[in-house]
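To start, the structure under review is shown below, and the notes come after it.
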Amino acid sequence: MMLISKSITAFGSLLLAHACYSAREHSTLQSFRAATSAALTSTPAAATSLPIDIAIETVVAILVILVGLVLGTSSLRPIQWREWAGKIEREGEDGFKDNNGEVNRDYMGNPFDFIEGRPNFVDIRKQRREFTEWVKSQGEQQK
Amino acid sequence: MAPSLIRSPVQLPPAEALATSQQAPVVLQSSPSTVSSSALGSLFSATEKPELWIQYENLILSCLRTGDDRAAQECHNRLVARFGNNDRVKALGGLIKEAQAQNNGELEKILKEYDQMLDENNTNLPIMKRRIALLRSMGRLSDAASALVQLLDFSPTDSEAWSELSDLYFSQGLYPQAIYAMEEVLILAPNAWNVHARLGELQYMAAAASGATSGSYQKQMAEAIKRFSRSIELCDDYLRGYYGLKLVTKRLLKDNTKPAKQTDDEDFSLPDPKTIERLNELATSKLAEIVRHSSAQDHGWRGYDAAEVAAARELLSEDAPSGIER
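From first to last, the protein sequence lines stand for chains A and B. For the first sequence, counting from 1, position 20 maps to 20 in full-length UniProt numbering; every step adds exactly one. For the second sequence, counting from 1, position 172 maps to 172 in full-length UniProt numbering; every step adds exactly one.
Structure representation (structure tokens):
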């Protein structure tokens, strides 16, 4: 997805640059022609306007760039509470990664976890005991 | 992948706690040992991020759990160097001492230190919470409960403390009090889907403890249905909510009791059997879907706890002996 979006954007930029270049070339040519025709006939030069193909190319280029950029955005976040909460429960960290595969910095899991985890009331001695028991049981399993 | 250090490590399973505490040397090495708190100093030294201090706090918790006291002490030293001895840092220091205490005498000494600090300022929340946790850890439950009630007296909007009170009452089998405290949490955090599920579990256990013949049984079961349904409403595909809903409806269907006519008390009457039947079917199909996707490791279904999924599979296989499990 990333590659497609980037190549479309690059293609659009190329088109836009080409349109700009064409417009510049066109105006140089016009003023040159006006100068020469003024010297020959002494009638004032007709009002110059861009040919329609350059205008179309500019518009198309901008649309292509837009499509490329829109395709490249990361997926939108859910704005409904239950969808967002469901996403946290269902996908965990996977659901909150950006295009580079890094977990979003403001992702914090269920923001109400602390109510049940209660980090300020932690019974550290019990946790320590349980951990040593776990290590022992792991050791026995490996034997 | 090791779990993020920004999140509290208290509820992590042992294996992940070990992985977290093994990150300690890397974090300690990669961040500067002192961060100047003066404005001039901060111009020249590395910029400090608030995440760093949260990381240190969480590292202290998981290192103490895995027995890496040296790293915990180092984290604490850095916090002291940055913040001086403020209440929160003091509470963490007390935590380290608690973890290293060998016998009851030392614990009593720490308790006295806490008391001394509370004499200076008796609304010192972090120290007060540590004191309560220590009392509970030493088995003095009634002291812990009265201290907790005292804390909630001057800080009634502390959802963590209400939840601790609920758990404390629950551990003593005092269901009505535990439910009351959990309801207070719900007032403070009405959108917390896990609290709704927890309250449903408490109601269910209270109902199961009082037995089907007691008068409050139906009322509590109806409340439990309501709580689990609300947790599902707040969170799509909430495994815990559907599990509870299935448990409650299954039991009600097995009891096969007619809802008592309670015309005066509309709120607490059970829904009619057809609705319960449909709720049960809904919960079954949802649980089956969750179990199927998450055991296949489908993309977008990897957030569930493996133990919870296993429990759901067991519950499903109980009533469909030849069916859904895979």
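All C-beta atoms in this analysis are idealised placements derived from N, C-alpha and C, irrespective of residue type, glycine included. Note that this is a predicted model, so its numbers are computed, not measured.
So, residue 130(B) versus residue 114(B), is the Cβ gap smaller than 8 Å? Against a cut-off of 8 Å, the Cβ pair of residue 114(B) and residue 130(B) comes out as a contact.
Verify the CB distance criterion: does residue 50(B) have a CB-CB separation below 8 Å to chain A? no
Measuring only the C-alpha atoms, how far is residue 136(A) from residue 14(B)? 12 Å
Cross-strand partners of residue 103(A) (DSSP beta bridge): 97(A), per the DSSP bridge assignment.
Simplified DSSP assignment, three categories, for residue 14(B): helix
Name the residues in the stretch 104–129 of chain A whose C-beta lies less than 9 Å from a C-beta of chain B; which are they? 105, 107, 108, 109, 110, 111, 112, 113, 114, 115, 116, 117, 118, 119, 120, 121, 122, 123, 124, 125, 126, 127, 128
Rounded C-alpha distance that separates residue 205(B) from residue 250(B): 14 Å
Within 7 Å of chain A by C-beta, residues of the UniProt domain "EMC2 TPR-like" (102–200) of chain B in sequence order: 126, 129, 132, 133, 136, 137, 159, 160, 163, 164, 185, 189, 191, 192, 193, 194, 195, 198
For the candidate residues 174(B), 173(B), 147(B), whose alpha-carbon lies nearest to that of residue 161(B)? 147(B)
From what residue to what residue does the alpha helix (DSSP H) around residue 140(B) run? Counting along the chain, residue 140(B) falls outside any alpha helix (DSSP H), and DSSP gives it neither H nor E.
Using 8 Å as the limit for Cβ to Cβ distance, is residue 77(A) near chain B? Using beta-carbon distances, residue 77(A) does not count as an interface residue toward chain B, since no partner is under 8 Å.
Consult DSSP for residue 221(B) and reduce its assignment to one of helix, strand or coil. helix
To which residues of the same chain is residue 154(B) closer than 7 Å at the C-beta, ignoring the five residues directly before and after it? 123
Assuming residue 243(B) and residue 174(B) are in contact, meaning their beta carbons sit under 8 Å apart, how far apart are those beta carbons, in whole angstroms? Between residue 174(B) and residue 243(B) the Cβ distance is about 25 Å, and since that is not below 8 Å, they are no contact.
Give a yes or no on whether the minimum CB-CB distance between residue 213(B) and chain A is below 8 Å. no
Neighbour-count burial assignment, residue 79(A), 16 or more Cβ in a 10 Å radius: exposed
CA-to-CA distance, residue 195(B) to residue 234(B), given in whole angstroms: 11 Å
Would you grab the beta carbon distance between residue 188(B) and residue 157(B) for me? Rounded to a whole angstrom, and I think it's under 8 Å. 6 Å
So is residue 131(A) in contact with chain B if we call contact Cβ pairs under 8 Å? yes
Distance check for residue 87(A) and residue 26(A), CA to CA, integer angstroms please. 55 Å
Is the Cβ of residue 263(B) closer than 8 Å to any Cβ of chain A? Because the pLDDT of residue 263(B) is 47, which lies under 50, any placement of that residue in the model is unreliable, and the question is left without a value.
Classification of residue 121(A) by the beta-carbon crowding that lies within 10 angstroms, buried from 16 upward: buried
Taking a cut of 8 Å between CB atoms, which residues from the stretch 231–248 of chain B lie near chain A? 233, 234, 235, 236, 237, 238, 239
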